[in-house]
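Since the structure comes first, as structure tokens, the remarks are kept for the end.
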Amino acid sequence: VASMNITLGVPRIKEIINASKAISTPIITAHLKVDSDPEHARVVKGRIEKTLLGEVARYIEEVYEPDGCYIKICLDSNRIKLLKLEIDTWTVQFAICSAPKLKIKPKHVSIRTTSVMYVYPPDNQKTSLYYTIQSLKVQLPSVVVKGISSVTRAIIHMDEGKGGAKYKLLVEGMNLCAVMATMGVEGTKTTSNHTAESEKALGIEAARQTIINEIVYTMVNHGMSIDARHVMLLADLMTFKGEVLGITRFGLAKMKESVLMLASFEKTA
1 VASMNITLGV
11 PRIKEIINAS
21 KAISTPIITA
31 HLKVDSDPEH
41 ARVVKGRIEK
51 TLLGEVARYI
61 EEVYEPDGCY
71 IKICLDSNRI
81 KLLKLEIDTW
91 TVQFAICSAP
101 KLKIKPKHVS
111 IRTTSVMYVY
121 PPDNQKTSLY
131 YTIQSLKVQL
141 PSVVVKGISS
151 VTRAIIHMDE
161 GKGGAKYKLL
171 VEGMNLCAVM
181 ATMGVEGTKT
191 TSNHTAESEK
201 ALGIEAARQT
211 IINEIVYTMV
221 NHGMSIDARH
231 VMLLADLMTF
241 KGEVLGITRF
251 GLAKMKESVL
261 MLASFEKTA
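Using the UniProt record's numbering, the first residue of the sequence shown is number 1, and each one after it goes up by one.
In structure tokens form, the structure reads like this:
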């Protein structure tokens with residue numbers, strides 16, 4: 001997909017063969033249970049993509065009154081409806097109370113209307129009330145109110161076919177297990193291009209298949225074709241020990257104790 005800027009070519013092949021733990025563009029392809037409806041795709045996208053409080057709030061301001069002070073949050077209902085997000089004041093309250101840094105309990109959050117809520121500063125003897133309020137005002141916009149925190153964005157991809165348009169999600173980020181468990185996602189057809197994550201979520205056999213698929217995909221994108229047996233041999237060599245071992249000095253040391261193989265990576269000890 002043009003807008004995703006996926007790593008290809010030699011850098012991508014290097015990532016796959018070295019079994020890198022951190023790859024530059026991890027993409028999860030999520031197939032949908034209802035793949036013919038764009039509205040459904042938008043709803044599922046809202047469940048997966050990370051949404052911050054600052055993105056759905058009309059304003060977050062501090063209010064000082066004679067009997068105390070609080071932070072007033074007003075949600076932008078039109079924007080939430082437009083983006084098909086399943087967010088209301090109750091989900092925001094739960095997100096604020098779940099944020100570990102804020103240390104806010106449910107008693108500190110007061111819901112006034114369907115879109116307005118007050119957040120009172122927690123009782124803290126060590127810091128002044130003014131400092132606590134200012135700290136809250138800075139931290140609240142970055143609270144994750146919906147979606148998976150490790151997912152930066154999700155894109156709806158449309159495949160034109162004979163039976164009409166089919167929709168799927170391309171998710172930029174990690175956490176394959178959470179995406180598979182999201183309501184509306186067909187978990188059995190959801191894949192990741194990250195070998196280590198596939199191994200963690202689905203086991204070594206899935207990691208082997210990911211290596212094969214990714215090498216073939218990268219080569220086909222550059223107009224090259226390799227005999228499937230060669231790719232399968234490489235994938236088998238990397239996974240036969242029960243874990244993914246890269247073709248690096250560290251991986252080969254675990255695979256074989258052959259002097260020539262170790263010497264090719266200048267690892268003789």
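Idealized CB from N, CA, C, for every residue including glycine.
Computed from a predicted model, the values in this text were never measured in an experiment.
Grab me the residues of lysine 189's own chain with a C-beta within less than 6 Å of its C-beta, minus the 5 sequence neighbours each way, in chain order. His31
If you draw a straight line from the C-alpha of leucine 245 to the C-alpha of valine 216, how long is it? 19 Å
Status (buried if at least 16 other CB within 10 Å, exposed otherwise) for methionine 180: buried
Run the CB neighbour count on glycine 251, radius 10 Å, all protein chains shown included, and call it buried at 16 or more, exposed below. buried
Hey, does tyrosine 59 have any beta-carbon neighbour from chain D nearer than 8 Å? As a matter of chain content, chain D is missing from the structure shown, which is built from one protein chain.
For lysine 45, does the three-state DSSP call read helix, strand or coil? helix
For arginine 112, does the three-state DSSP call read helix, strand or coil? coil
Please classify glutamate 214 as buried or exposed, where buried requires at least 16 other C-beta atoms within 10 Å of its C-beta. buried
Under 6 Å Cβ to Cβ from glutamate 15, same chain only, skipping five residues before and after it: list those, please. Ile23
Beta-carbon within less than 7 Å of histidine 108's beta-carbon, same chain only, minus the 5 sequence neighbours each way: which residues are those? Val119, Tyr120, Pro122
My understanding is that leucine 170 touches isoleucine 27, with C-beta atoms under 8 Å, so please give their C-beta distance in whole angstroms. 6 Å
Excluding the five sequence neighbours on either side, which residues of its own chain have a C-beta within less than 6 Å of the C-beta of threonine 25, listed in chain order? Ile6, Thr7
Which of the three DSSP states is assigned to serine 77 in this structure? helix
Between the beta-carbon of leucine 53 and the beta-carbon of valine 138, is there less than 8 Å? no
Can you confirm whether the stretch 221-231 touches the stretch 31-42 when touching is taken to mean that 3 or more C-beta pairs between the two stretches lie within less than 8 Å? no
Have a look at glutamate 49 and isoleucine 148 and give me their C-alpha separation to the nearest angstrom. 6 Å
Secondary structure at isoleucine 226, three-state DSSP: helix, strand or coil? coil
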